[in-house]
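Position 43, counted from 1, in the sequence shown is what our numbering calls 196; the numbers after and before it change by one each time, with no gaps. Just so it is clear, CB atoms sit at the ideal spot from N, CA and C, and this is done for glycine as well. So the structure is just underneath, and the comments pick up after that.
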Amino acid sequence: MLRTVQTLVNIVIGIFMLPFMISHLGEELYGIWILVGGFIATLHLMDFGFASAVTRFMVRNLTEKKYQSANEVISSAFVIYLVLGLLIALVTFFIAEISHVWVTDPLNVNMVYSVILIVGLALAVEFPFKSFAGVSIAYMRYDLNALSQILVKLLSTAITVWALFEGYDLIAVAWITLGSSILSNLIFYLIASHLFNEMSVSFNKVKYSKVKALAGFSFWAFLTDVSILLQKKLDIFMIGYFIGLSMLTVYYVSLRLVEYALTLLSKATGITMPVFTENFSNNDFEKLRDNVIIFIRINFLLGFYAVVISFLFGKSFINIWMGGEFDVTLAYYSLCILISGKIVLFIYGPLASALMSVYRHQWLSYIGFAELFLSAFFIFYTIGVLEKGILGASIGIVAPLFLTRFIVLPLIVQKEIGLGFLRIYKSLLTPVLYLIIATLICIQLKSYFLVDGGVLGYIILFFVVSMVYWFCALGSLTKKEWQHLFNILPRKISDSRYAKKFLNMVGK
Numbered sequence: 154m155l156r157t158v159q160t161l162v163n164i165v166i167g168i169f170m171l172p173f174m175i176s177h178l179g180e181e182l183y184g185i186w187i188l189v190g191g192f193i194a195t196l197h198l199m200d201f202g203f204a205s206a207v208t209r210f211m212v213r214n215l216t217e218k219k220y221q222s223a224n225e226v227i228s229s230a231f232v233i234y235l236v237l238g239l240l241i242a243l244v245t246f247f248i249a250e251i252s253h254v255w256v257t258d259p260l261n262v263n264m265v266y267s268v269i270l271i272v273g274l275a276l277a278v279e280f281p282f283k284s285f286a287g288v289s290i291a292y293m294r295y296d297l298n299a300l301s302q303i304l305v306k307l308l309s310t311a312i313t314v315w316a317l318f319e320g321y322d323l324i325a326v327a328w329i330t331l332g333s334s335i336l337s338n339l340i341f342y343l344i345a346s347h348l349f350n351e352m353s354v355s356f357n358k359v360k361y362s363k364v365k366a367l368a369g370f371s372f373w374a375f376l377t378d379v380s381i382l383l384q385k386k387l388d389i390f391m392i393g394y395f396i397g398l399s400m401l402t403v404y405y406v407s408l409r410l411v412e413y414a415l416t417l418l419s420k421a422t423g424i425t426m427p428v429f430t431e432n433f434s435n436n437d438f439e440k441l442r443d444n445v446i447i448f449i450r451i452n453f454l455l456g457f458y459a460v461v462i463s464f465l466f467g468k469s470f471i472n473i474w475m476g477g478e479f480d481v482t483l484a485y486y487s488l489c490i491l492i493s494g495k496i497v498l499f500i501y502g503p504l505a506s507a508l509m510s511v512y513r514h515q516w517l518s519y520i521g522f523a524e525l526f527l528s529a530f531f532i533f534y535t536i537g538v539l540e541k542g543i544l545g546a547s548i549g550i551v552a553p554l555f556l557t558r559f560i561v562l563p564l565i566v567q568k569e570i571g572l573g574f575l576r577i578y579k580s581l582l583t584p585v586l587y588l589i590i591a592t593l594i595c596i597q598l599k600s601y602f603l604v605d606g607g608v609l610g611y612i613i614l615f616f617v618v619s620m621v622y623w624f625c626a627l628g629s630l631t632k633k634e635w636q637h638l639f640n641i642l643p644r645k646i647s648d649s650r651y652a653k654k655f656l657n658m659v660g661k
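Laid out in structure tokens, this is it:
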């Protein structure tokens, strides 16, 4: 619950801060902030997948109460991350030195230089604290991390708002980012030391065998992280280079809305990994295949809902959200393209989880890099050759997903776990029929109930459309799928006599 609350807090703050920062900084400076964030976020690749490895080994050692081994993992990881942190500082300095190449206004050169150094330092400081990853997960205390992150986020946001109201510039925002990063990491360390009382970090506990084991496990995780992160930043970099920072801000508005939707949806159904892993551990591949189908169908209903809501209310929301002279129409078209393509990642997420559960996750790295190269080609062609602007970039970033996720990924899953390609698509025929009916009704409702632009009117219409959609969509669920949905709820609800009575009423 707290992790979901954390996600909602981040979304609400993001929705508020984006237009607020644009209005106080201007589209040009905010575009610089986006680009700097993109550069620094790319440096997360220098984690090289060690975070996943540290988490895996820490969970295993602490679960088995092997405290000495756990401390050796932490100490070895601390040295690794210390070196990586210094490397990040050097790379940050290099990026700052060449930043004048892509800054068009000479007056902003020194500001960009300083912002890059400060934000890069925040990331470099964060890296050594990654060695404590896995402690809270091993003790199942996600709540402590989530609660601390909520408090730090609220505090940093309040200080940022105050600073911008007082007339401070982008450098002040960067210093606030550094301060909140240091505070967040210190709390992360305190949580780890509180849960793991025997925790001890020492250079004497650094073991070559642990370093080797961490490096061996992190390889494929690193490659997957590389492909995912580069895909997320590819469009930002290319739009900033070919079109300009003002258009980048317009594109970023639609991109953020899509990311918010995907984050919320992933929180709603993010339980596939333990379910599939249990099936694989029990060597019950038939149950694994059944569960993959169930989660794909559920994800399809949720994902299609996000698409319908975006198409029906996206333009009105952006207009109310951004207002003023913002190019609402262009952002809306970009939103429709992005949500239609990126939702495929969510719908077919269970296929990716299944491959990870059976230790065939190298396929995800291959697919990720294929999508990356195809997207780079399509974006370059649509922007540089066809000159289609951010709409071309939107098409370019999602076009490969229809090939890789609709066709390639199901064929790989068919090979690895025996889940037939045709069985996947046959399972979606009934939901598709129900959702076509739901969509047509929702479109008619939107056109019939004309809203005068008031926020209250849109809220009422949103709830009416949502109820109609889910009334139709939930009718396509089987009894087994209803059971999975109830299992997501707290046990007191899922095991109640009302829940059991409802499940008995649902047909087979």
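Chain-order list of residues whose beta-carbon lies under 8 angstroms from that of residue i (same chain, five-residue window excluded)
| i | result |
| --- | --- |
| Thr-330 | Ile-271, Val-272, Ala-275 and Ser-309 |
| Leu-491 | Ser-407, Leu-408, Val-411, Ser-547, Ile-550 and Val-551 |
| Trp-328 | Ile-271 |
| Ala-626 | Leu-454, Phe-457, Tyr-458, Pro-584, Tyr-587, Leu-588 and Ala-591 |
| Pro-259 | none |
| Phe-433 | Leu-441, Ser-510 and Val-511 |
| Ala-316 | Ala-325, Val-326 and Ile-329 |
For residue i, the nearest candidate out of the options (CA to CA)
| i | options | result |
| --- | --- | --- |
| Gly-542 | Ile-168, Tyr-486 and Val-511 | Tyr-486 |
| Phe-231 | Lys-358, Leu-339, Phe-349 and Glu-217 | Lys-358 |
| Ile-381 | Lys-495, Ser-334, Thr-425 and Ser-547 | Lys-495 |
| Met-475 | His-177, Phe-395, Asn-163 and Ser-353 | His-177 |
| Leu-401 | Cys-595, Leu-188, Thr-160 and Ser-518 | Leu-188 |
| Ile-396 | Met-174, Val-617, Gly-184 and Gly-167 | Gly-184 |
| Phe-526 | Leu-554, Phe-499, Ser-355 and Leu-598 | Leu-554 |
| Ser-353 | Val-268, Ile-324, Ser-284 and Lys-306 | Ser-284 |
| Ser-333 | Ser-346, Ile-324, Lys-306 and Tyr-321 | Lys-306 |
| Leu-348 | Ile-594, Ile-536, Leu-215 and Lys-468 | Leu-215 |
| Phe-531 | Phe-499, Leu-581, Leu-387 and Leu-508 | Leu-387 |
| Phe-203 | Gly-467, Pro-281, Phe-247 and Ser-528 | Pro-281 |
| Val-158 | Ile-560, Asn-444 and Leu-417 | Leu-417 |
| Ile-419 | Ile-451, Lys-599, Asn-444 and Leu-609 | The sequence given here places Ser at residue 419; Ile does not occur at that position. Of the candidates Ile-451, Lys-599, Asn-444 and Leu-609, the one whose C-alpha sits nearest the C-alpha of Ser-419 is Ile-451. |
| Val-618 | Leu-598, Gly-628, Phe-464 and Val-608 | Leu-598 |
| Met-199 | Gly-238, Met-174, Thr-535 and Lys-218 | Gly-238 |
| Thr-195 | Ile-175, Phe-390 and Ile-166 | Phe-390 |
| Val-428 | Ala-414, Asn-444, Leu-415 and Tyr-413 | Asn-444 |
| Asn-298 | Ser-629, Ser-252 and Ala-345 | Ala-345 |
| Glu-250 | Asn-261, Val-236, Ile-269 and Tyr-234 | Ile-269 |
| Leu-367 | Leu-483, Val-207, Tyr-234 and Thr-631 | Val-207 |
| Leu-483 | Phe-318, Ala-523 and Tyr-405 | Tyr-405 |
| Leu-336 | Ser-267, Glu-279 and Ala-311 | Glu-279 |
| Ser-267 | Gly-287, Leu-323, Ala-311 and Val-212 | Leu-323 |
Three-state class that DSSP yields for residue i in the structure shown
| i | result |
| --- | --- |
| Asn-435 | coil |
| Lys-661 | Residue placement at Lys-661 is poorly supported in this model, since its pLDDT is 48, which falls under 50; the coordinates still yield a value, given next. Correct three-state label for Lys-661: coil. |
| Arg-409 | helix |
| Glu-217 | coil |
| Gly-397 | coil |
| Thr-631 | coil |
| Asn-163 | helix |
| Ser-228 | helix |
| Arg-513 | coil |
| Asn-452 | helix |
| Phe-602 | coil |
| Ile-340 | helix |
| Met-174 | helix |
| Leu-331 | helix |
| Phe-662 | A query on residue 662 cannot be resolved here, the shown segment of the chain reaching from 154 to 661 and no further. |
| Lys-360 | coil |
7 angstroms CB neighbourhood of residue i in its chain, flanking five on each side removed
| i | result |
| --- | --- |
| Asp-296 | Leu-155 |
| Leu-544 | Tyr-486, Ser-487 and Ile-490 |
| Lys-363 | Glu-225, Val-226 and Ser-229 |
| Phe-466 | Tyr-611 and Phe-615 |
| Leu-376 | Ser-518 |
| Leu-383 | Leu-525 |
| Ile-520 | Thr-557, Val-561 and Leu-562 |
Near the ligand ATP: residue i beta-carbon under 7 angstroms from a heavy atom
| i | result |
| --- | --- |
| Val-411 | With respect to the ligand ATP, the structure offers nothing, as it holds no ligand at all. |
Neighbourhood of residue i by C-beta, 6 angstroms cutoff - its chain only, sequence neighbours within 5 removed
| i | result |
| --- | --- |
| Arg-513 | Glu-569 |
| Thr-153 | The chain is shown from 154 up to 661; residue 153 falls before or after that span and cannot be answered. |
| Tyr-220 | Glu-351 |
| Ile-594 | Val-621 |
Should the segment 238-247 be called in touch with the segment 292-312, which here means at least 3 C-beta pairs below 8 angstroms?
no
Touch test, the segment 617-630 against the segment 455-465, Cβ-Cβ under 8 angstroms, three pairs minimum
yes
Is the segment 299-315 in contact with the segment 331-341, if contact means three or more CB pairs nearer than 8 angstroms?
yes
What are the start and end residues of each continuous alpha helix (DSSP H) run of 4 or more residues lying completely inside the segment 525-556, in chain order?
542-556
Tell me the start and end of each unbroken alpha helix (DSSP H) in the segment 275-312 that is at least 4 residues and wholly inside, in chain order.
288-291
May I ask you to verify whether the segment 428-439 touches the segment 573-584, counting CB pairs closer than 8 angstroms and requiring at least 3?
no
Let me know the beta strand (DSSP E) ranges lying completely inside the segment 467-500, each 3 residues or longer, listed in chain order.
none
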